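In my numbering, the protein residues as written are 191 to 429. Just so you know, even glycine gets a beta-carbon here, dropped at the ideal spot from N, CA and C. Only a predicted model underlies this, so the values are computations on that prediction, with no experimental measurement involved.
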Ligand SMILES: [Cu+2]
């Protein structure tokens, strides 16, 4: 669960409860009209043309409801798209058919594809700024437990903030049909305590680990520390 997924869920609950109340009201009014004013004989009932107060009510009330729903949606959407200042940043690159998680300003790098799905580690109760992009086709970054999905688009950096509220490992996957092994394009999000996160990032601070990561990517240390994997890294990888 993240903060924005919680408020999106509450918004959905509010909409559903509102819809049930309005639906019930309509059914009750219809039932009342059908029973109370059903045909009782052959005489024609009194004919009326206008009922001004009633017409004003059934025009104004729906308009107020629409404004209410709009305002609630706006508040929740603004929360979901807000990007508060934070020092935990992850550059997420999607590619056919895997994910790369780069932590700019650190040596941390996670990479994995198809049967070796990578794990993105983030600290709990911390704003994590994500720069999401793709190196080839359109992919989708989706974490079920976060109730969150965004396009990963080539040439575009989608930015958003995740604030996980509990520790644990959560399943993520690509949600855009992106080619042959789309169905294997998984990743995990591991939410850990701030101290565990610091330890994890520090575990990348040894030359052997950096060299190994660079070798795995067939890229250079300079490219890695710039935080942006070039397209050639993936091409060189033999895709
Ligand atoms: Cu994909």
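- With respect to residue 284, residue 342 sits close: the two C-beta atoms are nearer than 8 angstroms.
- Taking 8 angstroms as the cut-off, the beta carbon of residue 294 is found closer than this to the beta carbon of residue 281.
- It is roughly 22 angstroms from the alpha-carbon of residue 242 to the alpha-carbon of residue 256.
- In the DSSP annotation of this structure, the continuous segment of the beta strand (DSSP E) that includes residue 320 starts and ends at 318 to 324.
- In this model, residue 288 and residue 301 are separated by some 8 angstroms (Cα to Cα).
- Bridge pairing for residue 352: 318 [DSSP].
- Under the three-state reduction of DSSP output, residue 347 falls in the coil class, being neither helix nor strand.
- Here residue 361 carries a strand assignment [DSSP, helix/strand/coil].
- Of all alpha-carbon atoms in 353, 324, 339, 327, the one lying nearest the alpha-carbon of residue 318 is that of 353.
- In the same chain as residue 369, and ignoring 5 residues on each side of it, the C-beta atoms closer than 6 angstroms to its own belong to 286, in chain order.
- Three or more Cβ pairs drawn from the region 311 to 331 and the region 380 to 395 lie within less than 8 angstroms of each other, which places the two stretches in contact.
- For residue 332, the enclosing beta strand (DSSP E) stretches over residues 329 to 333.
- The region 344 to 351 makes contact with the region 320 to 330, as at least three CB pairs between them are under 8 angstroms.
- Look at residue 192 here: in three-state DSSP terms it is strand.
- Of the residues 366, 395, 332, the one whose Cα lies closest to the Cα of residue 326 is 366.
- Annotated as proximal: residue 362 and residue 377, with beta-carbon spacing under 8 angstroms.
- With a beta-carbon spacing of about 11 angstroms, residue 360 and residue 195 fall beyond the 8 angstroms limit used to define contacts.
- Taking 7 angstroms as the cut-off, the C-beta of residue 329 counts as close to a heavy atom of ligand 1.
- Short of 6 angstroms from the beta carbon of residue 380, and not among the five residues preceding or following it, lie these beta carbons of its own chain, in chain order: 309, 311, 359.
- In this structure, residue 304 and residue 371 form a Cβ contact; the two beta carbons are roughly 5 angstroms apart against a cut-off of 8 angstroms.
- Around the beta-carbon of residue 244, fewer than 16 other beta-carbon atoms lie within 10 Å, marking it exposed.
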